[in-house]
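Student: So that we are looking at the same thing, I have put the structure below in structure tokens.
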Amino acid sequence: MGYNGAMIDAQNLTKRYKKKLAVDSLSFRVEPGKVTGFLGPNGSGKSTTMRLMLGLDRGAGTTLFDEKPLWEHVQPSAVVGILLEAKAFHPTRSARNHLRVLADAGGIPQARVEEVLDMVGLKDVAKKGPGKFSLGMSQRLGIAAAILGEPKYLILDEPANGLDPEGIAWLRQFIKDYADKGNAVFVSSHLLSEMAQMADDVVVIGKGKFLAEGSIKDLVAGSAHAGVFVRSTNEVKLKKAFQVSRVKFVSYDEGFKVSGKTTDEVGQLLFKAGLPVLELARQDASLEEAFLELTAGTEEFSAKGR
Amino acid sequence: MLAALRSEIRKVLSLRSTYIIFGLGMLLVLLMNGWVSGYKHSGDTGNSFTAGLITSTLQGTSFLLGIIVLLQITQEYRHNTIYYTLTFARRRASVILAKVVCASLIMLGGSVLFVAVGVASGVIGVAASGDSLGAQSIPWGEILTRGGMYAWGAGMYALILGLLIRNQVGSIVVYLFGAAIAEQLLGLLLKLNAGYLPFMALEGVMMQAKTDGVFSPEKSMAIVLGWIIVAGMTAWLLFKRRDAN
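Protein chains in written order, with this note's numbering: chain A, 88 to 393; chain B, 585 to 829.
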């Protein structure tokens with residue numbers, strides 16, 4: 088979907104906590120009809136960025152929702168739905184009352200509360216205080232709160248946290264369906280395999296700085312881990328052929344991984360060198376490999392010896 | 585603003601703590617007015633008996649109602665629901681205004697209920713003891729002005745402390761004990777000017793006799809109003825400028 092003003096446009100978001108620059112001039116766009124993943128190591132500023140986008144944290148920069156700041160929209164609850172904390176509810180106020188309070192605040196009809204309770208599968212426990220809910224049930228209540236106003240945009244911070252495999256599958260399908268209706272979903276998660284299945288685009292940050300933006304396909308294709316795997320009968324001759332042709336390669340699993348070339352090009356190179364091809368295949372990088380490559384050195388916390 | 589106010593009222597009414605505190609207040613009123621002042625009265629059932637019941641009920645229950653206001657504010661920070669409150673509102677000013685109106689309704693509405701039960705239980709207590717009340721003289725204008733200001737002031741102090749401190753336990757401790765202890769100590773320094781301190785001034789609103797360091801009810805009301813305006817503006821500015829939580 089092309090740019091027609093309908094999107095979230097974050098520009099130069101900056102947040103400083105005393106001496107620490109938590110978010111540093113971050114700019115990106117989130118387009119309708121897509122799920123945009125927000126990736127970054129722990130402590131990279133993802134949650135702070137989301138709060139800045141919503142005006143919850145005070146900092147520099149602007150975020151426009153359909154070319155207007157959120158507070159200029161007549162009904163903000165119809166523009167953006169949020170899930171920033173899994174347990175953002177009073178533990179003894181019933182799930183139904185929690186949503187009723189939000190419906191009142193957002194100018195949303197009370198009948199919608201029953202609809203969303205049904206959608207997230209919490210109708211049977213709606214009378215109970217969510218303090219005793221499992222993390223998964225809490226996340227479902229958070230999703231219910233996020234979609235209460237049928238917003239065009241969803242901003243979800245780690246919504247898959249604590250969900251069981253069935254819950255994750257439900258969430259994945261829910262988010263995809265929501266985006267397919269022309270809405271935009273901006274979702275952070277540290278579950279990269281999940282993100283790979285869920286997101287169309289990604290925004291990657293590290294230490295509060297912008298690192299990359301684009302489709303997952305482009306991101307993994309640009310990774311150094313992507314390339315062509317080739318195996319032949321004579322490793323020495325093959326290595327020499329690569330060196331003569333100035334091809335970038337690394338030893339990999341009884342063969343070589345060549346980067347920056349297509350399978351056709353590598354095949355022709357082997358043919359010219361007179362080498363038999365035992366194996367020739369394109370190897371895509373995983374999102375995890377591309378992510379680790381992008382964020383290398385930007386981790387706030389990392390284990391020794393990694 | 586109306587949407588935010590509806591939400592604030594539902595927040596208060598959907599919390600168990602509201603009913604527990606209100607129930608405790610009712611028990612206190614029934615015990616003190618119905619039993620101690622009514623049934624076990626010491627013979628003083630003159631024409632100011634009912635007015636005395638109203639005053640003592642307000643003095644005994646306003647700070648309990650203030651705790652409901654404190655919880656209304658601080659539970660938002662404790663449980664992070666402030667994120668929803670601020671995202672759904674177009675302006676932070678409308679959120680704070682809704683909280684002020686809701687707190688005022690809690691204080692004034694709750695006080696009317698406590699006073700009604702307090703007076704009724706006191707009168708019934710006197711009747712149950714075998715005595716009867718003579719004609720009562722109730723200075724309604726003075727009671728409504730001073731009593732209303734006392735209750736509303738206690739509520740606004742709670743709201744302002746909640747917004748400034750944000751921490752639930754911390755703000756309750758300051759509201760119930762910290763401020764009083766600090767003002768007692770400051771009172772030793774300020775002596776006759778101690779009546780300018782916020783909680784001292786609030787007590788001065790309901791004081792019958794003139795005491796050292798306490799000003800007249802009218803002057804005390806003006807001081808309380810001044811504190812509410814100054815501290816309220818500070819709380820409002822911080823609410824606007826600080827991160828949501």
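Note that CB positions come from ideal geometry on N, CA and C, so glycine has one too.
For Gly-40 (chain A), which residues does DSSP report across the bridge?
Tutor: With chain A running from 88 to 393 in the structure shown, residue 40 (chain A) is simply not present.
Student: Establish whether the CB of Phe-672 (chain B) and some CB of chain A are separated by less than 9 Å.
Tutor: yes
Student: Closer than 8 Å is the cut-off here; do at least three beta carbon pairs connect the stretch 368-382 of chain A with the stretch 288-304 of chain A?
Tutor: yes
Student: Run through chain B and tell me which residues come within less than 8 Å of Ala-175 (chain A), C-beta to C-beta.
Tutor: Counting only Cβ-Cβ distances below 8 Å, Ala-175 (chain A) has contacts in chain B at His-663, Asn-664, Thr-665, Tyr-667 and Tyr-668, in chain order.
Student: Please report the distance separating the alpha-carbon of Ala-190 (chain A) from that of Ile-744 (chain B).
Tutor: 26 Å
Student: Helix, strand or coil: which one does DSSP assign to Met-88 (chain A)?
Tutor: For Met-88 (chain A), the predicted model reports a pLDDT of 44, less than 50, meaning its position is unreliable; a value from the coordinates is still stated below. If DSSP states are grouped into helix, strand and coil, Met-88 (chain A) belongs with coil.
Student: Spell out whether any CB of chain B is found under 9 Å from the CB atom of Leu-298 (chain A).
Tutor: Output row for Leu-298 (chain A): interface = no.
Student: Quick check on Gly-650 (chain B): buried or exposed, where buried means 16 or more other Cβ atoms within 10 Å of its Cβ?
Tutor: By the C-beta density criterion, Gly-650 (chain B) is buried, having at least 16 other C-beta atoms within 10 angstroms.
Student: I want to know whether the stretch 238-248 of chain A touches the stretch 270-283 of chain A - three or more CB-CB distances under 8 Å.
Tutor: Flag = yes, the stretch 238-248 of chain A and the stretch 270-283 of chain A touch.
Student: Could you check whether Pro-801 (chain B) and Met-784 (chain B) sit closer than 9 Å to each other, using their CB atoms as the reference points?
Tutor: no
Student: Which residues does DSSP list as the beta-bridge partners of Phe-449 (chain A)?
Tutor: Past the edges of chain A, shown from 88 to 393, lies residue 449 (chain A), and the structure says nothing about it.
Student: Going by the DSSP bridge assignment, what does Gly-301 (chain A) pair with across the sheet?
Tutor: A:Val-289
Student: Between Arg-594 (chain B) and Phe-672 (chain B), what straight-line distance do the alpha-carbon atoms span, to the nearest angstrom?
Tutor: 15 Å
Student: Which class does Val-167 (chain A) belong to by DSSP, given the choice of helix, strand or coil?
Tutor: Here Val-167 (chain A) sits in strand by DSSP.
Student: Would you tell me roughly how many angstroms separate the C-alpha atoms of Lys-335 (chain A) and Gly-208 (chain A), rounded to the nearest one?
Tutor: Near 53 Å, if we compare the C-alpha coordinates of Gly-208 (chain A) and Lys-335 (chain A).
Student: Please confirm whether Tyr-667 (chain B) and Leu-171 (chain A) have their CB atoms less than 9 Å apart.
Tutor: yes
Student: Measuring only the C-alpha atoms, how far is Thr-350 (chain A) from Gly-301 (chain A)?
Tutor: 24 Å
Student: Do we get a CB-CB distance below 9 Å when we pair Glu-172 (chain A) with the residues of chain B?
Tutor: Output row for Glu-172 (chain A): interface = yes.
Student: The beta strand (DSSP E) that contains Gly-148 (chain A), what's its start and end?
Tutor: 147-152
Student: For Gln-659 (chain B) and Gly-754 (chain B), what's the separation of their Cα atoms in angstroms?
Tutor: Using only the alpha carbons, I get a separation of about 12 Å.
Student: Look up Gln-656 (chain B) in the DSSP assignment and say whether it is helix, strand or coil.
Tutor: helix
Student: Using only alpha-carbon positions, find the residue among B:Phe-633, B:Val-613, B:Ala-819 and B:Arg-826 that is nearest to Val-710 (chain B).
Tutor: B:Phe-633
Student: Would you mind telling me which residues of chain B sit closer than 9 Å to Asp-111 (chain A), beta carbon to beta carbon, in chain order?
Tutor: Neighbours of Asp-111 (chain A) on chain B: none; closest Cβ ~17 Å, over 9 Å.
Student: Less than 8 Å between the CB atoms is what I'm expecting for Arg-600 (chain B) and Thr-179 (chain A), so what's the real figure, rounded?
Tutor: 5 Å
Student: Less than 9 Å between the beta carbons of Val-203 (chain A) and Tyr-240 (chain A), yes or no?
Tutor: no
Student: Pull up the CB-CB distance for Asn-631 (chain B) and Ala-764 (chain B), whole angstroms please, since I reckon it's below 8 Å.
Tutor: Between Ala-764 (chain B) and Asn-631 (chain B) the Cβ distance is about 33 Å, and since that is not below 8 Å, they are no contact.
Student: Between the C-alpha atoms of Ala-298 (chain A) and Leu-773 (chain B), what's the straight-line distance to the nearest angstrom?
Tutor: The sequence as given places Leu at residue 298 (chain A); Ala does not occur at that position. Whole-angstrom Cα-Cα distance: 60 Å.
Student: Identify, in the order they occur along the chain, each residue of the same chain with its Cβ nearer than 6 Å to the Cβ of Ala-368 (chain A), setting aside the five sequence neighbours on each side.
Tutor: Phe-316
Student: In the structure shown, what three-state DSSP assignment does Val-203 (chain A) receive?
Tutor: helix
Student: Below 7 Å on C-beta distance, what does Gly-194 (chain A) contact in chain B?
Tutor: Ala-587
Student: Spell out whether any CB of chain B is found under 9 Å from the CB atom of Ala-377 (chain A).
Tutor: no
Student: Unbroken alpha helix (DSSP H) runs of length 4 or more, entirely within the stretch 585-671 of chain B: which are they?
Tutor: 586-597, 600-613 and 633-662
Student: Counting only Cβ-Cβ distances shorter than 9 Å, please list the residues of the stretch 155-167 of chain A near chain B, keeping chain order.
Tutor: Leu-157, Trp-158, Glu-159, His-160, Val-161, Gln-162, Pro-163, Ser-164 and Val-167
Student: Inspect the beta-carbon positions of Ala-192 (chain A) and Ser-164 (chain A) and report whether they are closer than 9 Å.
Tutor: yes
Student: Helix, strand or coil for Arg-393 (chain A) per DSSP?
Tutor: Here Arg-393 (chain A) scores only 42 on pLDDT, less than 50, and its place in the model should not be relied on; the value that follows carries that caveat. In this structure, Arg-393 (chain A) counts as coil in the three-state DSSP scheme.
Student: Using a Cβ-Cβ distance under 9 Å, would Asn-751 (chain B) count as near chain A?
Tutor: No - not a single Cβ of chain A is within 9 Å of the one on Asn-751 (chain B).
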